[in-house]
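The structure appears below as structure tokens.
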Amino acid sequence: MLCELRVANLALIESLELVFDQASGLIVMTGETGAGKSIMLRAITLLTGVRSQSGWVREGADSCVVEARFELAPSYKSLLDYMEKCGFDREPELVIKRVVSAAGRSRLYVNGSLATVKVVRELTASLLNVASQHDHQQLLQPGSHLDFVDTMGGIWELRDDFAKSYEKWQDLLASLQELKKAEQDKEQKKDFLSFQLDEIRGASLTAGEDELLAAERKRLKGADTLLKVSQESYHLLSNPIADQLASLRKAVFSLAQLDPELEDLAEEIGNYSYLAEDYAQRLREYRDSLEINPMRLDEVNERIDLIQNLKRKYGESIEQVLAFADQAEADLQQIDNADQQIRELETEVAALEKTLLEKADKLHRQRKAVGSQLEQAMAAEMASLAFEQAGLEVRWQEVDKNLEELRPSGWDRLEFFFSANPGEPARPLSKVASGGELSRLMLAMKCILAKKDLVETVIFDEVDSGIGGEAAEAVARKIQELSGHHQVLCITHLPQIAARGTEHFMVSKQVDDGRTQSSIRKLEQADRVNELARMLAGDSATEQTRAWARELLENGVKQVK
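This note's numbering numbers the first residue of the sequence shown as 1 and each following residue consecutively.
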């Protein structure tokens, strides 16, 4: 159950802390229009992972904080298992906190540890059932009626399983269509790939070849100059310089025999002499290797042009051109294997289509059974809501049970039809239900669903909108009946509901130091009488109105007991 709720800097709320005493019972919240009752609902829905807005942060604050503490009954075994699976301690108490910054950033915490939106949504789905004006609007949308049936029947797991198979089927069909289209263009594409591959492989490229050819071309173009300069350099080293170094070496060696201090110098000069001879030898060999070969230059130029042409077509480098050839070879292999792939994919598609039809039929049969149950359950609930003569029908659209009619939810199409009075034909709910009727229909639906799930806390946001008189009393009784098995938090403007609350909180708005803020406090008996009187007659409440309010409260307390 929801035990505590703390809110700080959310819209008009600067700070508040609410403590709820009972695991079951009716907790009512009342207050004048604009006092901030809707902010309380916003606080609770923030904990369910809904999208936040920076504008919700109170002006001047850095962030708003909403925190709730829940006590988990032993029946929440699956929720405790999920907590453990997500890495949280398996504790009988759960604290969920949401922090929204003024910049719009949001963080969620579970028992003090950061948590994802997905995890928090999974947790709160087992803890809270919120019925708001948004749910009323959903009833007006035929597209959502199938969701109500699946929720009541508890067949969302089956529906999700079908949706996954349907998505896989669509992916396989897309792949098959792509392969068949490629098959039509196969020969043309195969010829083109073969041409490209032959052109590249025929060139017998090697990595780095273009750089070697560029260097060779440079040598061939400068062959005359290279030959002339290398010949001149050789003559310089082999004649005067070599001779002079030899004479110098001989002279210094003679001196070193007379004076040992010159031995190192003699050795160094000897080394230079030998180096000069070596340099001359190498220059001569280089000169002799040179040739002026116009034919080889033409061959090199042609090879370079060939490589440049291939690089323009297939890549910026020889490595990229060779990689292109490898890919072309793989594509050719895939084309050759396409027939086999198509046959295998067609077999897989056929098997999946058979499974899809079986799953769709199972969904349909379960939904038909649930639809009948829903009609009967709604008849009973509506009778207890001063709707004795009203009727809700689940109308099924006739469709061919084939693959063409399948959708991610199956092939079922349905819509709720409604008749408020006997003798009147049922019409689409979206076209005939008034605001008050819609509120009671939603309450009836929520009561049916609440009996089928383990959610302890049910929250109603002005489910009594557009209701008065006998209908208001019936709605009050129904909500009170529901609170016998659940913790029900009801934001209401009806005194009939407020009088039946086991706990009563009043939301009010004040202006302090030029700042408007909403506050909430728990009402005791005398204050409850005054609040009920205000709800009955507004600011013009009289002693008679208070007496009426006191009687209403006493009767409500008796009903609770």
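The beta carbon of each residue, even a glycine, is placed where N, CA and C say it ideally should be.
Check: How many Å lie between ARG90 and ARG105 at the Cα?; Outcome: 29 Å
Check: Grab the span of the alpha helix (DSSP H) containing LYS168 for me, first residue to last.; Outcome: 156-184
Check: Specify, as a first and last residue, the run of the beta strand (DSSP E) that CYS490 falls within.; Outcome: 487-491
Check: Using 10 angstroms around the beta-carbon of ARG159, count the other beta-carbons present and answer buried if the total reaches 16, otherwise exposed.; Outcome: buried
Check: Can you name the start and end residues of the alpha helix (DSSP H) that ARG367 belongs to?; Outcome: 318-383
Check: Measure the alpha-carbon distance for LEU173 versus SER113 and round it to whole angstroms.; Outcome: 44 Å
Check: Does DSSP classify LEU12 as helix, strand or coil?; Outcome: coil
Check: Considering only residues of the region 191-230, which uninterrupted alpha helix (DSSP H) runs meet the minimum length of 4 residues and lie entirely inside it, listed in chain order?; Outcome: 209-221
Check: Determine, using beta-carbon pairs with one atom in the region 7-14 and one in the region 468-483, whether at least three such pairs fall under 8 Å.; Outcome: no
Check: Three or more beta-carbon pairs under 8 Å between the region 298-305 and the region 171-189, yes or no?; Outcome: no
Check: Tell me whether the beta-carbon of PHE417 lies closer than 9 Å to the beta-carbon of LEU392.; Outcome: yes
Check: Between the C-alpha atoms of GLU344 and PRO428, what's the straight-line distance to the nearest angstrom?; Outcome: 47 Å
Check: ALA499 to ASP464, Cα distance in whole Å?; Outcome: 14 Å
Check: Helix, strand or coil for TRP548, going by three-state DSSP, please let me know.; Outcome: helix
Check: Within this structure, are the beta carbons of ASP461 and VAL130 separated by less than 9 Å?; Outcome: yes
Check: For the putative contact between GLU470 and PHE20, defined by C-beta atoms under 8 Å, what is the C-beta separation to the nearest angstrom?; Outcome: Wrong, their Cβ atoms sit about 31 Å apart, outside the cutoff.
Check: What do you reckon, are the CB atoms on GLU67 and ILE39 nearer than 9 Å?; Outcome: no
Check: Go ahead and label ASP412 buried or exposed: buried means 16 or more other beta carbons lie within 10 angstroms of its beta carbon, across all protein chains shown.; Outcome: buried
Check: Measuring CA to CA, which of ALA35, LYS189, THR492 and GLU93 is closest to CYS3?; Outcome: GLU93
Check: Rounded to a whole number of angstroms, what is the C-alpha to C-alpha distance between GLU216 and LEU193?; Outcome: 33 Å
Check: Could you tell me which residues DSSP pairs with TYR109 in its beta bridges?; Outcome: LYS97 and LEU114
Check: Please state whether the Cβ-Cβ distance between LEU128 and VAL455 is less than 9 Å.; Outcome: yes
Check: Which residues does DSSP pair with TRP396 in a beta bridge?; Outcome: LEU414
Check: Just grab the DSSP bridge partners of CYS64 for me.; Outcome: VAL100
Check: Checking 9 Å against the spacing of the C-beta atoms, do LEU140 and LEU494 come in under that value?; Outcome: no
Check: Of the residues LEU227, ARG282, ILE304 and ASP339, which one's Cα is nearest the Cα of LEU176?; Outcome: ASP339
Check: Excluding the 5 residues flanking ALA377 on each side, which residues of the same chain have their C-beta closer than 7 Å to its C-beta?; Outcome: ILE448
Check: Can you check DSSP and say which residues form a bridge with ARG427?; Outcome: PHE418
Check: Assign LEU16 to buried or exposed, taking buried as 16 or more other Cβ atoms, counted over all protein chains shown, within 10 Å of its Cβ.; Outcome: buried
Check: Under DSSP, the alpha helix (DSSP H) around LYS37 begins and ends at which residues?; Outcome: 37-46
Check: When you compare only the Cα positions, how much space is there between LEU414 and VAL399?; Outcome: 11 Å
Check: Between which two residues does the beta strand (DSSP E) containing THR30 stretch?; Outcome: 25-30
Check: Name the residue from VAL117, PHE88, GLY484 and LEU385 whose alpha carbon lies nearest to the alpha carbon of SER52.; Outcome: VAL117
Check: Go ahead and label GLU167 buried or exposed: buried means 16 or more other beta carbons lie within 10 angstroms of its beta carbon, across all protein chains shown.; Outcome: exposed
Check: For the beta strand (DSSP E) that PHE505 lies in, which residues bound it at each end?; Outcome: 503-512
Check: Could you pull the DSSP bridge partners for SER247 from this structure?; Outcome: DSSP, once it has assigned bridges, lists no residue as partnering SER247.
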